[in-house]
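In my numbering, the protein residues as written are 39 to 169. Backbone N, C-alpha and C define an ideal beta-carbon position, used for all residues, glycine too. What you are looking at is a predicted structure, and each value in this text was computed from that prediction instead of being measured.
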Amino acid sequence: MTLTQVSVFIENKPGRIGEIIKILADNDINVLAFSQSDGKDFGIFRVIVNEVAKAVKVLKNASLAVMTTEVFAIECPNTTGSLAKILGDLSEGGVSIDYMYAFQYEDISKAIIRAKDMVGCRNVLKKCGWE
(Lines of atoms letter the chains of each structure in order from A and count residues from 1; the text may use other names and numbers.)
(Lines give C-alpha, C1' and ligand atoms only; values in the text may rest on other atoms or scores of the structure.)
Protein backbone atom coordinates (compact mmCIF):
# COMPACT_ATOMS: atom_id res chain seq x y z
CA MET A 1 0.00 0.00 0.00
CA THR A 2 1.28 3.45 -0.89
CA LEU A 3 1.02 6.18 1.74
CA THR A 4 1.98 9.82 1.90
CA GLN A 5 4.47 10.55 4.65
CA VAL A 6 4.95 14.01 6.13
CA SER A 7 8.55 15.05 6.84
CA VAL A 8 9.39 17.95 9.11
CA PHE A 9 12.89 19.44 9.30
CA ILE A 10 13.60 20.40 12.90
CA GLU A 11 16.36 21.66 15.15
CA ASN A 12 17.89 19.09 17.47
CA LYS A 13 16.86 20.56 20.78
CA PRO A 14 14.88 19.29 23.76
CA GLY A 15 11.11 19.28 23.37
CA ARG A 16 11.02 19.90 19.63
CA ILE A 17 9.37 16.58 18.72
CA GLY A 18 6.87 17.11 21.54
CA GLU A 19 5.96 20.50 20.10
CA ILE A 20 5.22 18.95 16.71
CA ILE A 21 3.17 16.13 18.24
CA LYS A 22 1.21 18.71 20.26
CA ILE A 23 0.46 20.78 17.13
CA LEU A 24 -0.91 17.66 15.47
CA ALA A 25 -2.91 16.62 18.56
CA ASP A 26 -4.34 20.12 19.04
CA ASN A 27 -5.68 19.87 15.47
CA ASP A 28 -7.19 16.38 15.93
CA ILE A 29 -4.60 14.74 13.69
CA ASN A 30 -3.80 11.18 14.68
CA VAL A 31 -0.18 9.99 14.48
CA LEU A 32 -0.07 6.44 13.14
CA ALA A 33 3.71 5.94 12.93
CA PHE A 34 6.84 8.06 13.08
CA SER A 35 10.60 8.05 12.84
CA GLN A 36 13.20 10.58 13.90
CA SER A 37 16.64 10.81 12.34
CA ASP A 38 19.18 13.34 13.44
CA GLY A 39 22.19 15.21 12.23
CA LYS A 40 24.47 17.47 14.21
CA ASP A 41 22.13 20.45 14.42
CA PHE A 42 18.99 19.40 12.56
CA GLY A 43 16.94 16.27 12.07
CA ILE A 44 14.07 14.90 10.04
CA PHE A 45 10.86 13.88 11.78
CA ARG A 46 8.94 11.54 9.49
CA VAL A 47 5.32 10.85 10.35
CA ILE A 48 2.34 8.94 8.99
CA VAL A 49 -0.92 10.67 9.95
CA ASN A 50 -4.62 10.19 9.29
CA GLU A 51 -5.03 13.60 7.58
CA VAL A 52 -2.02 14.51 5.46
CA ALA A 53 -3.25 17.77 3.90
CA LYS A 54 -4.42 19.11 7.25
CA ALA A 55 -1.13 18.12 8.91
CA VAL A 56 0.91 19.87 6.22
CA LYS A 57 -1.20 23.01 6.58
CA VAL A 58 -1.01 23.28 10.38
CA LEU A 59 2.71 22.49 10.46
CA LYS A 60 3.47 25.08 7.77
CA ASN A 61 1.31 27.58 9.68
CA ALA A 62 3.62 26.92 12.65
CA SER A 63 6.54 28.06 10.45
CA LEU A 64 7.98 24.57 10.07
CA ALA A 65 9.73 23.27 6.94
CA VAL A 66 7.46 20.47 5.72
CA MET A 67 7.41 18.17 2.70
CA THR A 68 5.54 15.04 1.68
CA THR A 69 6.94 11.81 0.27
CA GLU A 70 5.41 8.64 -1.12
CA VAL A 71 6.30 5.52 0.89
CA PHE A 72 5.14 1.92 1.00
CA ALA A 73 3.45 0.40 4.04
CA ILE A 74 3.94 -3.34 3.89
CA GLU A 75 1.92 -5.55 6.23
CA CYS A 76 3.23 -8.92 7.33
CA PRO A 77 2.64 -11.40 10.14
CA ASN A 78 4.37 -10.54 13.41
CA THR A 79 6.45 -13.72 13.29
CA THR A 80 10.15 -14.39 13.24
CA GLY A 81 11.56 -14.04 9.74
CA SER A 82 8.69 -12.11 8.11
CA LEU A 83 10.65 -8.89 7.73
CA ALA A 84 13.72 -10.87 6.62
CA LYS A 85 11.60 -12.39 3.83
CA ILE A 86 10.40 -8.98 2.62
CA LEU A 87 13.91 -7.52 2.69
CA GLY A 88 15.28 -10.61 0.96
CA ASP A 89 12.69 -10.30 -1.82
CA LEU A 90 13.53 -6.61 -2.28
CA SER A 91 17.26 -7.32 -2.31
CA GLU A 92 16.87 -10.11 -4.86
CA GLY A 93 14.80 -7.70 -6.96
CA GLY A 94 17.61 -5.13 -6.89
CA VAL A 95 15.70 -2.63 -4.77
CA SER A 96 17.82 -0.17 -2.79
CA ILE A 97 16.14 1.19 0.35
CA ASP A 98 16.73 4.82 1.31
CA TYR A 99 15.23 4.33 4.77
CA MET A 100 12.63 2.34 6.61
CA TYR A 101 10.95 2.06 9.97
CA ALA A 102 8.54 -0.47 11.36
CA PHE A 103 5.94 -0.98 14.05
CA GLN A 104 3.79 -3.82 15.25
CA TYR A 105 0.40 -4.19 16.84
CA GLU A 106 -0.74 -7.52 18.22
CA ASP A 107 -0.06 -10.11 15.49
CA ILE A 108 0.53 -7.70 12.58
CA SER A 109 3.70 -5.80 11.70
CA LYS A 110 4.04 -2.96 9.22
CA ALA A 111 7.20 -1.72 7.58
CA ILE A 112 7.32 1.76 6.10
CA ILE A 113 9.78 1.77 3.20
CA ARG A 114 11.16 4.52 0.98
CA ALA A 115 13.12 3.09 -1.95
CA LYS A 116 15.41 4.85 -4.38
CA ASP A 117 13.26 3.50 -7.23
CA MET A 118 9.65 3.47 -6.03
CA VAL A 119 8.31 2.03 -9.32
CA GLY A 120 10.83 -0.82 -9.23
CA CYS A 121 10.03 -1.41 -5.56
CA ARG A 122 6.31 -1.58 -6.32
CA ASN A 123 6.96 -4.09 -9.10
CA VAL A 124 8.99 -6.36 -6.82
CA LEU A 125 6.42 -6.10 -4.00
CA LYS A 126 3.60 -7.04 -6.40
CA LYS A 127 5.58 -9.90 -7.93
CA CYS A 128 6.33 -11.32 -4.48
CA GLY A 129 2.78 -10.86 -3.18
CA TRP A 130 3.49 -8.11 -0.64
CA GLU A 131 1.28 -5.47 -2.25
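> Just checking my contact of Ile-135 with Ile-151 at CB under 8 Å: how many whole Å lie between their CB atoms?
Replying inline: Separation of the CB atoms of Ile-135 and Ile-151 is rounded to 6 Å, and the pair is thereby assigned contact status at 8 Å.
> What are the partner residues of Cys-114, as DSSP defines its beta bridges?
Replying inline: Its beta-bridge partners are Ser-147.
> Considering only C-alpha positions, which residue in the set Ala-63, Leu-62, Gly-81 is nearest to Pro-52?
Replying inline: That would be Gly-81, whose Cα lies nearest to the Cα of Pro-52.
>> Just to confirm the assignment, what range does the beta strand (DSSP E) spanning Ser-73 have?
In response: Counting along the chain, the beta strand (DSSP E) containing Ser-73 begins and ends at 69-76.
>> The beta strand (DSSP E) that contains Val-85, what's its start and end?
In response: Val-85 -> beta strand (DSSP E) spans 80-87.
> When the Cβ atoms of the stretch 98-105 are set against those of the stretch 118-125, are three or more pairs found closer than 8 Å?
Replying inline: They do not touch, by the three-pair rule.
>> Let's test the definition: count the other Cβ atoms within 10 Å of the Cβ of Lys-164 and tell me whether it reaches 16, buried, or not, exposed.
In response: Answer is exposed; the Cβ neighbour count stays below 16.
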